[in-house]
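Visitor: I'd like to ask some things about the structure below.
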Amino acid sequence: MLKRRAVMLKRRAVMLKRRAVMLKRQAVILKRQAVMSIQRLASVSQAY
């Protein structure tokens, strides 16, 4: 029983780690998009 529970916990930990990595990647992409949009707004405001 204990061994089975340990295996399940390990599997859950791996899944959580994978999810965390995906979320981190998404956060990086979102940050990049935000920076690009801010730069675009700045260039537009400078043009006017």
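Following my numbering, the numbering of the sequence shown begins with 1254 at its first residue and continues without gaps. Quick reminder that beta carbons are idealized off the backbone N, C-alpha and C, glycines included. Please read these numbers as outputs of a predicted model, since none were measured by experiment.
1. Ignore the nearest five residues each way along the sequence and tell me which others in A1287's own chain have a CB closer than 8 Å to its CB.
2. Return the chain-ordered list of same chain residues with a C-beta closer than 6 Å to the C-beta of S1363, the five sequence neighbours on each side being excluded.
3. Could you compute how far the alpha carbon of L1255 sits from the alpha carbon of M1268?
4. How many angstroms separate the CA atom of R1278 from the CA atom of K1270?
5. Determine the extent of the alpha helix (DSSP H) in which M1275 is found, giving its start and end residues.
Guide: Reading it off the structure:
1. none
2. One cannot answer for residue 1363 here, as it falls past the ends of the chain, which runs 1254 to 1301.
3. 20 Å
4. Cα to Cα, the separation comes out at about 12 Å.
5. Its alpha helix (DSSP H) spans residues L1255 to A1300.
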